[in-house]
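Protein chains in written order, with my numbering: chain V, 1 to 483; chain D, 484 to 733.
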């Protein structure tokens, strides 16, 4: 028999299955941050002068900034001089691999173990993958097939070399290098990430996906992703992330920029499963991420879907600037704060164009000693006539040591706007668990069933292949929660 | 089939059941009646395995096993079923999905293959006709937004799907109009066989016009103070419980 309190106690005994470390030779910069480090990163990547200048401007600006203290999270200050800002698999003097065939088999094995095979014959059908390992991309699959449709999908470094005009045109246009402390740091030191360009009128034939893996110790991962959907195009993109189990905290400060031109649609999904640390709050990733998209053209659409189960601390607000008339922004989020995890996450919907519409569905689950905060801003500018927003913000509590918090901000400057906000907080009750038990359903299955039911509205927004994965991940994250 | 001996139990130091003795054989229907607060629902919940009761004395043997030693889900697998007085709402969990999980957990225990969605739907369609339930309910979340009558009928639907050997019906008649009562009773009677048994807990005699018991027991202050044939229920309906309480005091 298991009472609710036992359910909660054993919640913390779960295992993180992606916590292994791959022993590969690396080219790692010593810890520390100064202009030389930035010059070094830029030189490694054979970047043009303008990009180095942009990085240096960001760095100089960053030195004038203070780390934000407003999020509802607690952590020891990060020592930015104790982090290594560049770590790449492979020896210093070796050329970078020209194709996946030249990639160190140990790296390919790592991705096999993570369930993201990169080899030609085992690749996921219908999904093109860019695999980022610490500071660099180790390879991108299905590039030739995508090229037939004019779709560019490659690592950010490759894009800087091959398509500098596109990078120069769009980099920093959604998240300027002055944006915020972590985004500015990223602008100075970003190493790799993915770049996507979908040409006019093209519906991308494959799901695009980037798998981020932090491997090396005492390094930070600072990736940068840029997705541009030209007029009338359509793309669905997914990112996944994991890291080894370590007692020290590691910093992950990424920036994602999305640009949707007229009638274009970008669907961006995240399954974030960084190492969450242990039940006492030792170790785990600090996930301080800036994600923002702009619906630049009329009738464009950006949809963020996130399933956040990992990280010691999550600080991210995937946002949409609705500039084009009749543009649509959507945000669907499931955030789990278990163990000693802290999440302060939500979105910003900035309505500038006429008849712009946004939907926010946020599902926060708190368990263990987890603290989950929803923070969201809905802003309607004075020219945004007939803007509409609907926000639904639900919290589910499991046990009595966790917390759920909601910080909604609404700023409306146009009287024709219609903004709705609904919020609920519920607890998985002893009654519900007993009712399931009394129908022969085990407590663990009952908890999973109730949590998955709670998350359903968000899971169904994920591409089909990943909806199953997200549900399985949620089950694993709740594993061991019953005796 | 079920043998309760001198069962004494309470909550947070307050005694509710003060020595219950009850023996139920296969093929029998027993009814427990009693005033509010007499311990009827406590007995039902305790038999189903609800936590939080302190059992200070007595035993419950079910099909030769110590029932109190089994977890609630294990009791279900041994053919025990409780139809709840207040069925619990589980938002977000689809009713069909929930019922299939329940049926398959039982089948797995019995070493039978899982029912796939198609086979399960077939089984369920057959059973919902019995309860005259609207199929659209099955697409909704478990008990969420169901009317009182729908909830009770859904309980009996679950009973029909799990086909228990021993079922406790806890005030299944409360909140039902007479038509719904007939449907529910019809469903319960349909499930009655020579090799199973039912314990019907009720406040009112009228349910027993439709589910006819072999024995009626009167529960007062956590004790069975009188047992008799089905006519006892009619007498209770006419005279109330006071005369029994007075008889006890005398």
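Backbone N, C-alpha and C define an ideal beta-carbon position, used for all residues, glycine too.
Here the structure is a predicted model, which means the values were calculated and not measured.
Residue i versus residue j - alpha carbon distance
i	j	result
residue 658 of chain D	residue 447 of chain V	30 Å
residue 731 of chain D	residue 542 of chain D	25 Å
residue 722 of chain D	residue 601 of chain D	52 Å
residue 429 of chain V	residue 191 of chain V	46 Å
residue 397 of chain V	residue 30 of chain V	43 Å
residue 372 of chain V	residue 352 of chain V	30 Å
residue 389 of chain V	residue 195 of chain V	30 Å
residue 694 of chain D	residue 667 of chain D	9 Å
residue 224 of chain V	residue 148 of chain V	25 Å
residue 566 of chain D	residue 508 of chain D	19 Å
residue 497 of chain D	residue 551 of chain D	20 Å
residue 689 of chain D	residue 661 of chain D	9 Å
residue 316 of chain V	residue 144 of chain V	34 Å
residue 320 of chain V	residue 43 of chain V	33 Å
residue 394 of chain V	residue 77 of chain V	31 Å
is_contact[residue i, chain V] using C-beta, thresh 9 Å
i	result
residue 603 of chain D	no
residue 623 of chain D	no
residue 573 of chain D	yes
residue 600 of chain D	no
residue 542 of chain D	no
residue 470 of chain D	The structure shown does not extend to residue 470 of chain D, since chain D is modelled only from 484 to 733, so the question has no answer here.
residue 700 of chain D	no
residue 555 of chain D	yes
residue 589 of chain D	yes
residue 513 of chain D	no
residue 570 of chain D	yes
residue 679 of chain D	no
Test: residue i CB closer than 9 Å to a CB of chain D
i	result
residue 441 of chain V	yes
residue 453 of chain V	yes
residue 435 of chain V	yes
residue 430 of chain V	yes
residue 475 of chain V	no
residue 450 of chain V	yes
residue 456 of chain V	yes
residue 438 of chain V	yes
residue 130 of chain V	no
residue 426 of chain V	yes
Residue i (DSSP reduced to helix, strand or coil)
i	result
residue 431 of chain D	This structure gives no information on residue 431 of chain D, because the portion of chain D shown stretches from 484 to 733.
residue 233 of chain V	coil
residue 50 of chain V	helix
residue 68 of chain V	coil
residue 164 of chain V	helix
residue 476 of chain V	helix
residue 542 of chain D	strand
residue 42 of chain V	helix
residue 714 of chain D	helix
residue 249 of chain V	strand
residue 594 of chain D	coil
residue 266 of chain V	strand
residue 690 of chain D	helix
residue 600 of chain D	helix
residue 193 of chain V	coil
residue 315 of chain V	strand
residue 63 of chain V	coil
residue 204 of chain V	coil
Residue i vs residue j beta-carbon contact at 9 Å
i	j	result
residue 571 of chain D	residue 494 of chain D	no
residue 189 of chain V	residue 86 of chain V	yes
residue 155 of chain V	residue 130 of chain V	yes
residue 368 of chain V	residue 340 of chain V	yes
residue 174 of chain V	residue 289 of chain V	no
residue 664 of chain D	residue 515 of chain D	no
residue 437 of chain V	residue 554 of chain D	yes
residue 682 of chain D	residue 649 of chain D	yes
residue 167 of chain V	residue 52 of chain V	no
residue 529 of chain D	residue 560 of chain D	no
residue 114 of chain V	residue 28 of chain V	no
residue 193 of chain V	residue 132 of chain V	yes
residue 573 of chain D	residue 449 of chain V	yes
residue 687 of chain D	residue 511 of chain D	no
residue 575 of chain D	residue 452 of chain V	yes
Any chance you could list the alpha helix (DSSP H) runs of at least 4 consecutive residues sitting entirely within the stretch 652-684 of chain D, in chain order? Within the stretch 652-684 of chain D, the complete alpha helix (DSSP H) runs of at least 4 residues fall at 661-673.
Which runs of the beta strand (DSSP E) fall wholly inside the stretch 320-406 of chain V and span at least 3 residues, in chain order? Within the stretch 320-406 of chain V, the complete beta strand (DSSP E) runs of at least 3 residues are 328-337, 342-351, 357-366, 371-380, 388-397.
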